[in-house]
Amino acid sequence: MDRLCSVLAGCPALSAVQLSGGGVTDDTLQVLCESLPKLRVSRHIMLSCSSLTTDSLAGLGRSLAACAAVTEVNARLEDPPEVCVLFSRGRKTPSETMETLPLLSKKLRLTHCDLHPTHVDTLCQTLSGCPQLTLLDLSNNKLGNNGLKKLLDVLPQLSTIQEINTSNNGVTMDGVLLLVETLRTCRNLRDVDVSHGGEQRIIMKFHISKRWQQAKNPVAPLMMENGLHLLKKFSLQQTSVTPGSMNDLCRRLAQCTGLIQLDFSGGSLDRSSMERLLKHLPQMIRLKLLNLSGNLLGDEGIRHFVKLLPGLHTSASVRIDNNNLTQMGALHLVAAMSVCDQLVALEVSLGQEDRSTVQFALSSDYDLCQSLSLREWQFGDDHLQKLAEILPRCSRLEKLHLSCNKLPIELRVLLKTLSKLNALQSLEMENNGISAQVIEELLGELQCRLTHLDVRVVEPWLKAEAAVNLISSCLNLNPNIQHIRVEETTLSVTLEMRGGDQGKWCTELSISGADPDNTAPLVSSVKSIGLVDCSLQERHLLFLQSLCHKCPQLLELDLSHNSSGTEGADFLSSVLPGFRSLQKLSLDHHVIDDHAAAVLEKTLPQLPHLRTISLSHCSGFTVVGACHLVTAVSHCRLLQNISLQALQLEKEAVAYLATGLHSMTSVKQLVLSRVAVVTGSSAPLVVLPVLESLGKLQGIEVIELDEMWMGDQGVLELVKHLPTWTGLRRISLCNNYIADSLGASLVDALSNCTALEEIILSRNRLGDMTGCCLGQTLPLLSCIRVLDLQMNCLTAAGGAALISAFKVCRSLTDIVLSENHLGRVGMENLCAALPHMPSLRKLHLVSVGTPELSHLATSLGSCTCVEDVSFAWNEIGDEVAESLAEILPLCPRLKRVDLEFNSISVRGAEALAAGLHSSSSVQVIRLWKNPIATDELQKLSEKENRLSFSSM
Numbered sequence: 010m011d012r013l014c015s016v017l018a019g020c021p022a023l024s025a026v027q028l029s030g031g032g033v034t035d036d037t038l039q040v041l042c043e044s045l046p047k048l049r050v051s052r053h054i055m056l057s058c059s060s061l062t063t064d065s066l067a068g069l070g071r072s073l074a075a076c077a078a079v080t081e082v083n084a085r086l087e088d089p090p091e092v093c094v095l096f097s098r099g100r101k102t103p104s105e106t107m108e109t110l111p112l113l114s115k116k117l118r119l120t121h122c123d124l125h126p127t128h129v130d131t132l133c134q135t136l137s138g139c140p141q142l143t144l145l146d147l148s149n150n151k152l153g154n155n156g157l158k159k160l161l162d163v164l165p166q167l168s169t170i171q172e173i174n175t176s177n178n179g180v181t182m183d184g185v186l187l188l189v190e191t192l193r194t195c196r197n198l199r200d201v202d203v204s205h206g207g208e209q210r211i212i213m214k215f216h217i218s219k220r221w222q223q224a225k226n227p228v229a230p231l232m233m234e235n236g237l238h239l240l241k242k243f244s245l246q247q248t249s250v251t252p253g254s255m256n257d258l259c260r261r262l263a264q265c266t267g268l269i270q271l272d273f274s275g276g277s278l279d280r281s282s283m284e285r286l287l288k289h290l291p292q293m294i295r296l297k298l299l300n301l302s303g304n305l306l307g308d309e310g311i312r313h314f315v316k317l318l319p320g321l322h323t324s325a326s327v328r329i330d331n332n333n334l335t336q337m338g339a340l341h342l343v344a345a346m347s348v349c350d351q352l353v354a355l356e357v358s359l360g361q362e363d364r365s366t367v368q369f370a371l372s373s374d375y376d377l378c379q380s381l382s383l384r385e386w387q388f389g390d391d392h393l394q395k396l397a398e399i400l401p402r403c404s405r406l407e408k409l410h411l412s413c414n415k416l417p418i419e420l421r422v423l424l425k426t427l428s429k430l431n432a433l434q435s436l437e438m439e440n441n442g443i444s445a446q447v448i449e450e451l452l453g454e455l456q457c458r459l460t461h462l463d464v465r466v467v468e469p470w471l472k473a474e475a476a477v478n479l480i481s482s483c484l485n486l487n488p489n490i491q492h493i494r495v496e497e498t499t500l501s502v503t504l505e506m507r508g509g510d511q512g513k514w515c516t517e518l519s520i521s522g523a524d525p526d527n528t529a530p531l532v533s534s535v536k537s538i539g540l541v542d543c544s545l546q547e548r549h550l551l552f553l554q555s556l557c558h559k560c561p562q563l564l565e566l567d568l569s570h571n572s573s574g575t576e577g578a579d580f581l582s583s584v585l586p587g588f589r590s591l592q593k594l595s596l597d598h599h600v601i602d603d604h605a606a607a608v609l610e611k612t613l614p615q616l617p618h619l620r621t622i623s624l625s626h627c628s629g630f631t632v633v634g635a636c637h638l639v640t641a642v643s644h645c646r647l648l649q650n651i652s653l654q655a656l657q658l659e660k661e662a663v664a665y666l667a668t669g670l671h672s673m674t675s676v677k678q679l680v681l682s683r684v685a686v687v688t689g690s691s692a693p694l695v696v697l698p699v700l701e702s703l704g705k706l707q708g709i710e711v712i713e714l715d716e717m718w719m720g721d722q723g724v725l726e727l728v729k730h731l732p733t734w735t736g737l738r739r740i741s742l743c744n745n746y747i748a749d750s751l752g753a754s755l756v757d758a759l760s761n762c763t764a765l766e767e768i769i770l771s772r773n774r775l776g777d778m779t780g781c782c783l784g785q786t787l788p789l790l791s792c793i794r795v796l797d798l799q800m801n802c803l804t805a806a807g808g809a810a811l812i813s814a815f816k817v818c819r820s821l822t823d824i825v826l827s828e829n830h831l832g833r834v835g836m837e838n839l840c841a842a843l844p845h846m847p848s849l850r851k852l853h854l855v856s857v858g859t860p861e862l863s864h865l866a867t868s869l870g871s872c873t874c875v876e877d878v879s880f881a882w883n884e885i886g887d888e889v890a891e892s893l894a895e896i897l898p899l900c901p902r903l904k905r906v907d908l909e910f911n912s913i914s915v916r917g918a919e920a921l922a923a924g925l926h927s928s929s930s931v932q933v934i935r936l937w938k939n940p941i942a943t944d945e946l947q948k949l950s951e952k953e954n955r956l957s958f959s960s961m
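Residue numbers for the sequence shown follow our numbering, so the first one is 10 and each next one is one higher.
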């Protein structure tokens, strides 16, 4: 072997070395290990041999520390016996390059090597001499509890370790207790994952140490700064925990102050064990999630669980999925809402998903109102009766959601119960197969209600003729309807108590109901009616005309997505003037011919109180009709809100618009995005008069001028007006090709708009000059919430100046920086800013020029309000996916994560699937166009249906 190593050392450019046969012994392996620093191998050395013993492995471990180029050593001594030494040269990846990683990560895998506790002492001495060790895999050996303890004792010396795998090492529950104690005492140990009482899976994961984090990325913010290093998780799955063991476990876990997640899923908890667990739960003061899924509790187990809840003081969420619940067991959970003061939310789905979540809160966290969601129940008459008996006892129930349930034909008992829930403020009934008659009966039962209630019903038949008829019936049945609307198979109704004649109305209705000949029209207090996409025809004229008499207080009418041809024009001219109090009219997506436009020109000025008009996306007219429409709007001199988005006006009509705006000084909201059909070099000259006419809008609060093709002169005209718009709250100038220098002038002018909440400047040519200017301006805007700079020309320099301002803009909720080449440095700056952004709700970073988003993903754990995150098109890998999976339990409002078109493999997807088990809020994680085989996609989808691999 000495001669072979000398020969190999003389080879300047070896890629791989393969050695096989019985000639490789412990002695020859030692010679090879000592010669490794002299070899110039770019990939690996592979040894296929059968003569090695366990004693030779110490030399392999030492080679990690002795040879800087060695990054991984993998060995197994069982069939097939194999040793593999991997080198750094030729192994550079986007996340591990010599430039970005001053210290190389090192990994040691000694699996199936017959390691006993006696071998651990030597191994630990070896490991302590390897300061860059990040992964240690000792699975499938014979360490037992003693070997595990020796390994745990040496953890303080492994300053860079990130993961240790000791699965299948004959560990028992005593060893599990050692792990829990170490979770408490070892600062960097963040996650202990155990299955089958320690006999099978044991994986420990660690926070990156301060030293290692700084070595990997000197300018990145430390996770220690935001306290995320303190957060810990413990999982003991597929285990039957005895009462005694549960007591010992929980006593130690209660002393682990950073514990946020506890998982006892897939096991078999008896009543005594559950009692001990819940007894210790209040001492786990930071616990966010307790997972008891898959414990075969059944109805009786859940009944016992409910008995233990009164007096429980915790703010944790408890998952009890897949516990063989029937409707009766689920009703036990519902009943708990009436006896447990800290229970604030309950979700029970008895369909294929079989999900149940119980959310608790302390009185200092919430005002302790309750919400209840029941999905995919097979209600029988007895179940419905039982539910009707329970709900009135839930005196703090404010939200009730019934979705995709199978209900019996007779629902009167439920409807009567709903009318008696005085605390209820929101009722949602979605796809429960109910008829129009049931909805009418519900509104009838609610006629004497004394408090506010929002009702939302979704059924596939709720459209066109059926929708019109239903609205007519509802208004006849309940005069307390304030708002009623049908759109896309959804009926939305808002009920409010009528002044002082509530008792009088109920009495009158009772008398009227006793007299079948009493057909006197009822006066409704409805303020808003929406008949969207209801195929309104001439036959509906009588109904709408009757609304003029029945609804004298109507303020808002939405007839969007309907058609106004010749018949429709007559229809509008005969109906609209009757609504004398009307303040808001929406005709979006109407098909309006020239005749209808002419009718509107005469009709709209007859509405003396009209303050809001929306004609967005209307079509079907010629230039003549367009001029009629613009004139109709300009004649309503008191209008405050005008929306003409995508009206597609020709040059003549644009001129009419400019003239009209000169005299409309009351306008507060103006939406003219894509209003002009003119394009090319002439477009700026056509729209310039419109921009000039905006000077008198001193009270403007919202202005949207997307895709106006305004040109440089148009931008300068806008800059001229901005200093006087001190009440401006939202400005949107997307897709106007605004150059960087003009963007800087624009942003400088915006500094005068101190009430500004939203800045939307996507799809322009803004660069670092604008970014730097925004960095100076944003801190002056104390109300700023939304910043959208998608698809511009920002780089790391301008991005750094911009992002540095985020730390002081604590009101920011939405940030979109997609398709700007911010790179690694930009993301590091954002990573430092995130802990200072408590209100962040939306973060979109699509294609930002770097796959190194792991630290950023981890920092999102401090943004507890975040709902929507996108890292799409960044070539991120499994490391980022695993970081995201870790923070899912820390983000209780997170709904959507978009990871489309990246480099995430099955490993990363499985980590996300596992993370989803700890999050009930996430609705979807998109993984479309990632390198995952079709058969694996199917397996992952079956395992967790919130992982989406489609383009939608």
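No residue lacks a Cβ here, since even glycine has one placed at the ideal position from N, Cα and C.
The alpha-carbon separation between Ala641 and Ser481 amounts to approximately 30 Å. Listed in chain order, the beta strand (DSSP E) elements of length 3 or more contained wholly in the segment 787 to 862 are 795 to 797, 823 to 825 and 851 to 853.
Between Arg738 and Glu767 a beta carbon distance of about 7 Å is seen, short of the 8 Å cut, so the two are scored as contacting.
Boundaries of the alpha helix (DSSP H) around Phe314: Gly307 to Lys316. Taking the CA atoms as reference points, Glu661 sits about 11 Å from Val686. For Phe910, the closest C-alpha among the options Asp887, Val495, Gln491 and Ala344 is that of Asp887. Exclusion of the five residues before and after Leu17 leaves Leu48 as the residues of its chain whose Cβ lies within less than 6 Å of its Cβ. For Ile170, DSSP assigns no beta-bridge partner whatsoever.
About 11 Å separates the CB atoms of Gly807 and Gly832; that is not less than 8 Å, and the two are not in contact. In the three-state reduction of the DSSP assignment, Gly68 falls in the helix class, which pools H, G and I. Around the beta carbon of Lys241, 16 or more other beta carbons sit within 10 angstroms, so the residue counts as buried. In the three-state reduction of the DSSP assignment, Cys93 falls in the strand class, which pools E and B. For the beta strand (DSSP E) assignment, the uninterrupted runs of no fewer than 3 residues enclosed by the segment 146 to 223 are, from N- to C-terminal side, 172 to 174, 198 to 204 and 211 to 215. Positions of the alpha helix (DSSP H) runs, each at least 4 residues long and wholly inside the segment 598 to 663, are given as 603 to 612 and 632 to 643 in order along the chain.
By the Cβ test, the segment 946 to 957 is not in contact with the segment 887 to 897, since fewer than three Cβ pairs between them sit closer than 8 Å. In this structure, Ser326 places its C-beta atom within 9 Å of the C-beta atom of Phe369. When the beta-carbon positions are compared, Ser404 and Ala432 come within less than 9 Å of each other. With the rule of 3 Cβ pairs closer than 8 Å, the segment 394 to 402 does not count as touching the segment 357 to 367. In the DSSP assignment, Met283 falls within the alpha helix (DSSP H) that extends over Arg280 to His289. By the C-beta criterion, the segment 347 to 361 is judged not to be in contact with the segment 294 to 313, since fewer than 3 inter-stretch pairs fall below 8 Å. Excluding five sequence positions before and after Gly267, the CB atoms of its chain that fall closer than 6 Å to its own CB belong to Leu239, Leu240 and Lys241, given in chain order. Proximity to Met673 across Arg312, Ile651, Ser682 and Glu659 peaks at Ile651, based on C-alpha coordinates. Inter-segment contact for the segment 950 to 959 and the segment 910 to 926 is present: three or more beta-carbon pairs are separated by less than 8 Å.
Within the same chain, Cβ atoms closer than 6 Å to the Cβ of Leu647 are found at Ser675, the five residues on either side in sequence being excluded.
Minimum Cα-Cα distance from Leu258 among the listed residues Asp542, Arg193, Ile54 and Ser24 corresponds to Arg193. Look at Ile480 here: in three-state DSSP terms it is helix. With respect to the C-alpha of Leu95, the residue from Val26, Leu161 and Thr120 having the closest C-alpha is Val26. The residue from Val699, Ile740, Thr426 and Ala606 with its alpha-carbon nearest to that of Gln722 is Val699. Shown here for Leu893: same chain residues with a beta carbon closer than 6 Å to its own, the five before and five after excluded, namely Ala866 in chain order.
The alpha-carbon of His830 is positioned some 27 Å away from that of Cys792. In the displayed model, Glu407 falls within a strand according to three-state DSSP.
Excluding residues up to 5 positions away in sequence, Ala445 lie with their Cβ nearer than 7 Å to the Cβ of Ala475 in the same chain. Cα atoms of Val79 and Lys115: separation of roughly 8 Å, rounded to the nearest angstrom. Taking all protein chains in view, the Cβ of Thr248 is crowded by 16 or more other Cβ atoms within 10 Å, so the residue is classified as buried. When the Cα atoms are used, Cys139 and Ser65 turn out to be separated by approximately 18 Å. By the CB criterion at 9 Å, Asp579 and Val608 fall inside the cutoff.
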